[in-house]
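There are 4 protein chains.
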Amino acid sequence: MPKVGMEPLRRDALVRATITEIGRAGTLDVTVAQIARRAGMSSALAHHYFGSKEQIFLAAMRHILTIYGAEIRGALAAADGHEGRVRAVIRASFSEGSFRREVVSAWLHFYVLAQTQPEAARLLRIYQRRLRSNLLVPLRGLVGDRAGQLADRLSAMIDGVYLREALSGQPPDRAKAVRLVEGVLAASLIEDAA
Amino acid sequence: MPKVGMEPLRRDALVRATITEIGRAGTLDVTVAQIARRAGMSSALAHHYFGSKEQIFLAAMRHILTIYGAEIRGALAAADGHEGRVRAVIRASFSEGSFRREVVSAWLHFYVLAQTQPEAARLLRIYQRRLRSNLLVPLRGLVGDRAGQLADRLSAMIDGVYLREALSGQPPDRAKAVRLVEGVLAASLIEDAA
Amino acid sequence: MPKVGMEPLRRDALVRATITEIGRAGTLDVTVAQIARRAGMSSALAHHYFGSKEQIFLAAMRHILTIYGAEIRGALAAADGHEGRVRAVIRASFSEGSFRREVVSAWLHFYVLAQTQPEAARLLRIYQRRLRSNLLVPLRGLVGDRAGQLADRLSAMIDGVYLREALSGQPPDRAKAVRLVEGVLAASLIEDAA
Amino acid sequence: MPKVGMEPLRRDALVRATITEIGRAGTLDVTVAQIARRAGMSSALAHHYFGSKEQIFLAAMRHILTIYGAEIRGALAAADGHEGRVRAVIRASFSEGSFRREVVSAWLHFYVLAQTQPEAARLLRIYQRRLRSNLLVPLRGLVGDRAGQLADRLSAMIDGVYLREALSGQPPDRAKAVRLVEGVLAASLIEDAA
DNA sequence: AATGAATGAGGATTCATTCAT
DNA sequence: GATGAATGAATCCTCATTCAT
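Protein chains in written order, with the working numbering: chain A, 2 to 195; chain B, 2 to 195; chain C, 2 to 195; chain D, 2 to 195.
Next comes the structure, spelled out in structure tokens:
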């Protein structure tokens, strides 16, 4: 049995291990050796596949973004109406795939990474833009010109809820998170109608 | 030049240098040597006064909290009426003393530190509780039983705006930050009245 | 030149280097860097294999004890009669493997280490118990109930001679050392017969 | 009240503190700051009086030797006959002033110091010579030409008992120590008579 | 493909010692 | 006489990274 085609498996294992370890340790100060051990291989192999610790971190960020994007797409496809679509984006942001303890923790740490890593900053901007645009489109249908303002509002709320969740030390409470953000949405719509 | 009574001066210089350096470097991975150099002394002296890097970080957190607390108190003293008080808390949160580039950056990093450092976690809880209670009291006068829900909403917004600011790479825009949070407040009050 | 299976070689080289360096420096204040350099490797590798300086020291103690134990066993196997066995233990205590300048010096320093290091203390107790019991058994055959007293006497003499040797600064004089302890044995046996 | 004549008091306090701290810590790795603190002064003052840590240690050794010498002289003055004098030396070696926990511990550590410090080695040789000669003189009266051999024997026993005591971790047992060494003396005298 | 071996570069911390007051 | 202030030098230890096999 030749050991061919191992590369994607190894890379994937490392990416998952990275998120797990960052979540577990509660720091970016995770060693390559730790990540590699959890992924079941030597740190030398991790370097072989990724070249540097930096690249491992970036791959983990991309992984999280990819999953998040997929969840958003899925939710939007199943949603009806403008408001339905906004709610779908909100709910997808706190869905099972993304709003897990380690993922949220890793996410917070990637925010920190983005302060020094240009590529990490770029990825984060992509996320922010995507989130904003996903909100903006259906919001236009709901509130017209006020959509931009409302998109900023909801984006900030989502990030704020994430931040608080990352710190709480408790298992994330999806329902409560959604309720908080949807509360702002509801208030904003009433305000608009008034 | 008397050489006595240096301790408070040195400690203060180190605390300020810590915030500056964390903000500048964009990481908690700041060496004691860097901090000490910026504060104009040897790293040995920094250890002499604080005992460990951990203590230096905690002192910096306390410093930020102290200033924030003072600003809140000042703003509340000058405010009139329930809504005035809520607005005062919001504005104080983005006041000149606290909503500066380095302070916001350092603050984000202290959030991360709190994931591993019990004392840092304690300080953070103090901040969160204080913020919530500062909002809760005047909100009760405005919306009664919905005050708790609204306090959570505004707290999350404030943190979300902070988080986004930490990442923007731009000098913080106080006015815009206040506008965002006050927007949520306004919408919530209309919603309540409806 | 295969580069596998280096671990035992490296560990061994470090253990020997430790004893040599302690003997040469005349202190426990030997740096890991010194030990590693003498063993022909980087200090990082030394830490890689032993984890800490403490563990390096303990391994060196164990090494000395192991050799000492082997010499005792060998001498006892070749000895005849009760008195022959006592003499064998005495001679083995001052044999070439154990009664060398650096080993004696290192040994003295391990005595000191045992004052603060529980594991070092344990190893030392093992040595003391082993020495005593090795003397006790054949002494029982010679002097019956007085064996315990005599074992203490001879043990103290052996340690005293070691201590003096560690200080002499001269190459150890095996013959003289053995003569001193055997002198006490002879006198004790005469005393017993009288 | 002028602060004159403080020097001898300060020096004395430091010397005592040194012995106490070495005994307490079980290491020579005692900091000047620790010693000074226990002596009730700043480490700067300790340096002012002694110039260096080395000198502090040497003064402590001299102090121990001085007391030991005084005890020997006192015991010899009160002793009768050759054997009485030998016994007096033995007993003085384990007298209350010298055979205390911290003193014995400090003594062991000074043995270690002597391996690197020429002056400490010199002091130790003085002690050894003095002990030997104190034993030699009365032993000549008892066993004539065998006195040298016996003096070596008893000296080694005394040091051996000290060493074991330093390690035992128990409060020193004066009576047992004396018994052990006097046992060798008794046996040696019987051997001589035979 | 995979890894044990190996290291250079750093970083926190400690401490004897000096100096100005 | 006495001390707080201050530091350079050293040491243990960690880790990303490289390399030979």
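Yeah, the Cβ is synthetic: ideal placement off N, Cα and C, and Gly gets one too. These numbers were taken from a predicted model, which means no experiment stands behind them.
Alpha carbon of residue i to alpha carbon of residue j, nearest angstrom
i, j, result
"Ala-18(A)", "Ala-37(A)", "7 Å"
"Leu-190(A)", "Glu-84(B)", "21 Å"
"Thr-67(A)", "Leu-125(A)", "12 Å"
"Leu-137(B)", "Ser-96(B)", "20 Å"
"Gln-116(B)", "Trp-108(D)", "49 Å"
"Gln-150(D)", "Asp-153(C)", "20 Å"
"Ala-178(D)", "Ala-71(C)", "31 Å"
"Leu-10(B)", "Gly-24(D)", "39 Å"
"Arg-102(B)", "Arg-165(A)", "21 Å"
"Thr-21(D)", "Tyr-69(D)", "17 Å"
"Asp-193(C)", "Val-144(C)", "7 Å"
"Lys-54(D)", "Ala-34(D)", "10 Å"
"Val-162(B)", "Tyr-112(B)", "15 Å"
"Leu-59(D)", "Ala-122(C)", "27 Å"
"Ala-148(D)", "Ala-40(D)", "44 Å"
"Ala-167(C)", "Leu-114(D)", "12 Å"
"Arg-130(B)", "Ala-61(B)", "19 Å"
"Ala-89(B)", "Ala-47(A)", "52 Å"
"Gly-27(A)", "His-110(B)", "12 Å"
"Glu-8(A)", "Tyr-50(A)", "7 Å"
"Arg-12(D)", "Tyr-128(D)", "22 Å"
"Met-1(A)", "Leu-15(A)", "Past the boundaries of the shown model lies residue 1(A); chain A is included only from 2 to 195, so the question cannot be answered."
"Thr-32(C)", "Ile-65(C)", "20 Å"
"Asp-146(C)", "Ile-73(C)", "24 Å"
Cutoff 8 Å: residue i Cβ touching any chain B Cβ
i, result
"Ile-191(A)", "yes"
"Ala-195(A)", "yes"
"Val-31(A)", "no"
"Thr-19(A)", "no"
"Ile-144(A)", "The displayed chain sequence assigns Val, not Ile, to residue 144(A). No, its Cβ sits nowhere closer than 8 Å to a Cβ of chain B."
"Leu-124(A)", "no"
"Gly-27(A)", "yes"
Proximity test, Cβ basis, 8 Å: residue i and chain A
i, result
"Tyr-112(B)", "yes"
"Met-158(B)", "yes"
"Ser-106(B)", "yes"
"Thr-67(B)", "no"
"Met-165(B)", "Reading off the sequence, residue 165(B) comes out as Arg, not Met. At least one chain A Cβ lies under 8 Å of Arg-165(B)."
"Arg-175(B)", "no"
"Ala-115(B)", "yes"
"Gly-184(B)", "yes"
"Leu-109(B)", "yes"
Residue i at chain D interface by Cβ criterion, 8 Å
i, result
"Gln-150(C)", "yes"
"Arg-154(C)", "yes"
"Ala-197(C)", "The requested residue 197(C) is not part of the displayed model; chain C covers only 2 to 195."
"Leu-35(C)", "The residue you asked about is not Leu; residue 35(C) is Gln in the sequence shown. Output row for Gln-35(C): interface = no."
"Val-179(C)", "no"
"Gly-70(C)", "no"
CB contact below 8 Å: residue i versus chain C
i, result
"Leu-171(D)", "Before going further, note that residue 171(D) is Gln rather than Leu in the sequence given. Chain C, which has no Cβ nearer than 8 Å to the Cβ of Gln-171(D), makes this no."
"Gln-56(D)", "no"
"Val-162(D)", "yes"
"Gly-52(D)", "no"
"Leu-46(D)", "no"
"Leu-132(D)", "no"
"Leu-168(D)", "yes"
Original post:
Between the stretch 174-193 of chain B and the stretch 156-163 of chain B, do at least 3 Cβ pairs fall closer than 8 Å?
Top reply: Enough Cβ pairs lie closer than 8 Å, so yes.
Subject >> Any alpha helix (DSSP H) of 4 or more consecutive residues that is wholly inside the stretch 71-109 of chain A >> reply: DSSP runs (the alpha helix (DSSP H)) wholly in the stretch 71-109 of chain A: 82-94.
**OP:** Would you check if the stretch 71-83 of chain A and the stretch 127-142 of chain A touch, i.e. whether three or more CB-CB distances between them fall below 8 Å?
**Re:** Touching, per the Cβ criterion.
Original post:
Unbroken alpha helix (DSSP H) runs of length 4 or more, entirely within the stretch 21-62 of chain B: which are they?
Top reply: 33-39 and 44-51, all fully within the stretch 21-62 of chain B.
Subject >> Whole runs of the alpha helix (DSSP H) within the stretch 104-180 of chain B, excluding any shorter than 4 residues >> reply: As far as the stretch 104-180 of chain B is concerned, its whole alpha helix (DSSP H) runs of at least 4 residues are 119-144 and 148-169.
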